[in-house]
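In structure tokens form, the structure reads like this:
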């Protein structure tokens with residue numbers, strides 16, 4: 007307030023000096039005029055005027071301290087009054103802590119999706135580009151990577167095409183693993199990048215150096231840049247790690263750099279970066295599939311970039327053999343859109359819900375304060391009469407609410423820490439970097455600002471009503487703070503917000519229910535799956551029989567695990583997997599035909615126990631028998647594959663083209679006779695149509711595969727099954743890491759996003775309902791207390807207790823109805839926000855809304871039962887005698 | 017009341033100063049002090065140590081304004097005059113004062 011005066015001491019000094027000097031002279035002159043001699047006059051004047059320094063000090067104090075002192079005074083006073091009323095203080099603090107805590111936790115969790123820039127320099131200029139292959143991408147988010155074929159790329163385009171300033175690539179593949187083949191051995195995620203990869207993203211190693219083009223040359227010495235995590239875990243954060251070697255997949259590579267702790271790959275996570283070293287490609291070779299990124303010149307839009315680069319991609323793709331029936335499409339997407347996808351939609355929904363909760367909490371606390379203010383009206387009147395300024399009183403009222411908010415906010419931070427941990431655990435794995443969310447300085451700042459805003463908002467109305475306390479109003483009950491229609495508006499607003507939140511969560515819970523209830527085509531309970539990828543150093547792809555033997559032995563072992571009902575080995579994870587996908591097909595020894603656009607045909611090599619293990623029904627014909635492995639080629643079609651390949655016919659006895667592994671490391675196609683039709687399995691996701699699938703018996707499995715997926719259906723307990731399966735692998739090769747997972751967990755993962763959103767929203771809506779009920783209870787109790795006299799009169803005039811309580815409930819009912827109508831209107835308008843998250847239910851689904859309204863009405867009417875009962879117990883004689 | 021001179025109640029000095037500059041027009045500090053003492057007729061002891069801080073406070077609140085001028089005996093002195101806001105404040109404080117007097121009278125009356 008007068009803070010600026012702190013800086014003006016010199017000016018003050020000078021002015022006080024001059025005024026003092028003048029005053030002194032005037033006094034001396036007067037003294038002389040009244041007959042004193044000059045020296046006495048001087049002394050007397052000085053004595054009368056007092057100590058000059060004291061005056062200056064007084065001015066200083068007034069200028070500098072008064073503001074802070076008033077704050078301190080207000081705080082002390084607020085603490086005293088709040089302590090005198092611990093019930094009120096605790097309720098208000100708890101309610102605010104709940105609101106602020108959930109908002110803080112939610113903000114922290116969603117910050118990276120909505121607000122925080124990606125951890126790359128000038129991230130808005132980064133793009134991901136390549137070709138969309140209809141058979142690979144487009145349907146589920148998980149496989150939306152754009153792909154570039156190395157053959158078309160040939161080790162960076164030089165010069166870098168307009169409008170890019172840099173282009174870089176990573177070898178395509180989800181979490182390609184590599185094994186550390188020295189002690190302690192472990193499996194890490196390795197990414198093979200071009201030498202300019204980090205530079206393009208504006209990232210520098212915190213230790214050591216970046217890759218150079220020489221590192222990327224074919225046959226150059228092996229080098230690696232390790233992640234901060236690996237550096238701390240494996241090397242104890244030793245700065246001397248640079249130049250040390252690490253055995254990766256049996257070859258040693260020297261560590262040249264350490265990545266920053268906050269670095270995160272634009273593709274899937276990686277522990278180690280290595281140069282690709284694949285250029286120049288030998289002529290005629292296709293090379294690997296790549297994920298490509300580029301940095302645009304400033305001001306270039308994604309569309310411009312796409313228009314510029316499409317011809318280059320297309321021209322380069324011309325030389326390629328057709329990958330599928332559908333020609334690939336060039337595309338450029340902003341890196342942020344690629345990584346975060348449609349998550350902001352959900353994020354805004356959740357943020358909206360938590361903001362609603364915070365708003366309800368604020369309204370609730372305002373209501374509490376206003377009710378208490380009504381009781382303290384007399385106190386404020388006396389203070390005003392004793393000379394306290396209105397502004398001073400308003401500041402006092404504001405101090406109190408700010409203190410409540412600050413204490414509530416502090417408590418809220420503790421609450422937020424717990425909530426955040428819960429969010430992180432519940433969060434769907436598609437929420438990128440959620441595990442990095444923490445209560446850091448940024449979150450603290452936002453939480454602090456939020457607490458202040460809430461304190462001001464909550465205090466604004468009470469401060470305003472104190473402002474209007476003007477004169478003493480003895481005996482009168484009508485006080486500005488107690489005007490019921492304002493409180494009515496507050497309660498109605500609360501109820502309206504609650505209705506919207508309840509309805510939203512009802513819709514999401516129905517969505518979740520619909521998704522969980524989708525028949526998946528298999529039975530997941532008591533099934534455990536395990537992916538086994540043998541250590542590359544011990545089982546190199548070239549040593550033909552070794553892996554094959556390992557895979558087969560493992561299958562035998564797993565079959566013998568006690569309690570096993572059925573066991574199988576297959577080429578792909580279950581139920582999804584993209585091991586073999588085609589966009590063309592051949593039947594009955596005819597030339598292959600392209601499938602319709604967007605269609606894809608999956609292939610899966612399985613051992614005979616497959617259908618029993620997953621309990622996939624065989625609709626026609628037969629399942630595989632042991633004799634099919636190595637016997638004449640046979641195949642089983644999924645129902646949709648049968649419809650696709652043999653429309654209107656019985657597929658049994660027809661032939662389809664399928665690939666088989668040869669013992670000489672080649673894969674050949676053979677014509678296989680269809681012997682059965684199996685039920686469809688939801689292999690894309692619970693809400694999407696199944697891809698048609700062709701099953702063939704797994705043959706000579708290990709000669710070509712780098713991994714196999716095992717599954718058992720067991721009667722054993724979950725812990726035993728997991729232990730047995732791990733033991734089976736350890737017995738054969740202790741260095742091969744395995745994770746065993748119940749299939750139920752995979753099934754749950756498919757619905758984790760609707761589950762997360764639905765449960766969070768339901769929790770927020772539940773809290774909102776609780777707060778709204780508490781708010782209504784408070785207002786109703788207050789009104790009953792206020793009207794004790796009126797009630798007494800009515801009872802004296804013959805109203806029965808039942809009439810009285812009916813009146814109270816009826817009045818509350820009107821508020822509830824008003825809130826419900828308003829809430830429905832609100833929800834109607836905001837339905838679009840939630841539509842994208844729904845499945846199998848319309849955003850205006852009457853059942854969901856009816857249920858929410860019934861729940862709301864029940865809870866709120868329950869809340870007014872006690873005030874109503876109290877009103878009915880009013881003793882008319884006492885009520886009239888009082889006052 | 018005893019034989020001692022009354023102490024100024026907190027906050028009332030402002031009222032006195034405002035009233036003085038309102039009725040007398042622009043005055044320097046010395047004249048304000050003299051005028052208050054003259055009116056008080058020795059019932060009240062004015063401490064000069066509090067007068068100047070009060071003047072500065074009132075000025076900061078925008079209730080009075082000041083400028084350098086020349087006194088009747090040709091000395092440089094700072095003259096204070098009331099502002100529009102100051103007149104409002106004076107009316108308000110006067111009213112408050114009357115309320116308080118009424119209140120205290122009532123309290124004393126009811127206590128008897």
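Chains as they are written, first to last, in the numbering used here: chain A, 7 to 889; chain B, 17 to 128. Beta carbons are placed, not taken as given, at the ideal position from N, Cα and C, and that holds for glycine. Owing to the predicted nature of the structure, the values given are computational and were not obtained by experimental measurement.
Residue i at chain A interface by Cβ criterion, 8 Å
| i | result |
| --- | --- |
| residue 65 (chain B) | yes |
| residue 68 (chain B) | yes |
| residue 128 (chain B) | A caution first: residue 128 (chain B) carries a pLDDT of 46, below 50, which makes its placement in the model unreliable, though a value can still be read off. With 8 Å as the cut-off, residue 128 (chain B) does not count as an interface residue toward chain A. |
| residue 80 (chain B) | no |
Residue-chain proximity (residue i, chain B), Cβ-Cβ < 8 Å
| i | result |
| --- | --- |
| residue 25 (chain A) | yes |
| residue 272 (chain A) | no |
| residue 386 (chain A) | no |
| residue 28 (chain A) | yes |
| residue 399 (chain A) | no |
| residue 472 (chain A) | no |
| residue 213 (chain A) | no |
| residue 56 (chain A) | yes |
| residue 61 (chain A) | yes |
| residue 22 (chain A) | yes |
Assumed close pair residue i, residue j - CB separation to whole angstroms, cut-off 8 Å
| i | j | result |
| --- | --- | --- |
| residue 589 (chain A) | residue 610 (chain A) | With a Cβ gap of about 16 Å, residue 589 (chain A) and residue 610 (chain A) do not count as contacting. |
| residue 126 (chain A) | residue 207 (chain A) | 4 Å |
| residue 797 (chain A) | residue 880 (chain A) | 5 Å |
| residue 423 (chain A) | residue 115 (chain A) | Not really, about 12 Å apart at Cβ, beyond 8 Å. |
| residue 516 (chain A) | residue 847 (chain A) | 5 Å |
| residue 749 (chain A) | residue 613 (chain A) | 17 Å between Cβ atoms; not a contact. |
| residue 120 (chain B) | residue 98 (chain B) | The pair is not a contact, with the Cβ atoms about 27 Å apart (cut-off 8 Å). |
| residue 528 (chain A) | residue 581 (chain A) | 7 Å |
| residue 837 (chain A) | residue 850 (chain A) | 6 Å |
| residue 503 (chain A) | residue 819 (chain A) | Not really, about 19 Å apart at Cβ, beyond 8 Å. |
Continuous alpha helix (DSSP H) stretch holding residue i: start and end
| i | result |
| --- | --- |
| residue 697 (chain A) | It is not in any alpha helix (DSSP H) - residue 697 (chain A) carries neither H nor E in the DSSP assignment. |
| residue 119 (chain A) | 92 to 120 |
| residue 429 (chain A) | 396 to 432 |
| residue 549 (chain A) | Run containing residue 549 (chain A): none; DSSP gives neither H nor E here. |
| residue 821 (chain A) | 807 to 841 |
| residue 70 (chain B) | 64 to 76 |
| residue 241 (chain A) | 234 to 241 |
| residue 135 (chain A) | Here residue 135 (chain A) belongs to no alpha helix (DSSP H); instead the beta strand (DSSP E) covers 132 to 138. |
Range covered by the beta strand (DSSP E) that runs through residue i
| i | result |
| --- | --- |
| residue 281 (chain A) | 278 to 281 |
| residue 335 (chain A) | 335 to 340 |
| residue 534 (chain A) | 533 to 538 |
| residue 94 (chain B) | 92 to 98 |
| residue 298 (chain A) | 295 to 302 |
**OP:** Can you give me, in chain order, the residues of the region 77 to 94 of chain A that have a beta carbon less than 9 Å from any beta carbon in chain B?
**Re:** none
**OP:** Anything in the region 345 to 361 of chain A with a Cβ closer than 8 Å to a Cβ of chain B? List those residues in chain order, please.
**Re:** none
Original post:
Where in the region 693 to 766 of chain A do unbroken runs of the alpha helix (DSSP H), each at least 4 residues long, occur, reported from the N-terminal end onward?
Top reply: 724 to 738 and 749 to 756
Subject >> Near-chain A residues of the region 28 to 46 of chain B - C-beta to any C-beta below 8 Å >> reply: Flagged, chain order: 44, 45 and 46.
Original post:
According to a CB-to-CB cut-off of less than 9 Å, which residues of the region 32 to 43 of chain A neighbour chain B?
Top reply: 32, 33, 35 and 36
**OP:** Anything in the region 104 to 117 of chain B with a Cβ closer than 7 Å to a Cβ of chain A? List those residues in chain order, please.
**Re:** 112, 115 and 116
**OP:** Report the residues of the region 83 to 94 of chain B with a CB closer than 9 Å to any CB of chain A, ordered along the chain.
**Re:** 84, 87, 89, 91, 92, 93 and 94
Subject >> alpha helix (DSSP H) runs contained entirely in the region 644 to 702 of chain A, provided each spans 4 or more residues >> reply: 645 to 651
Original post:
In the region 157 to 231 of chain A, which residue ranges form an unbroken alpha helix (DSSP H) of at least 4 residues, counting only runs that do not cross its ends?
Top reply: 203 to 206
Subject >> Every unbroken alpha helix (DSSP H) within the region 844 to 881 of chain A, with a cutoff of 4 residues, ordered by chain >> reply: 852 to 878
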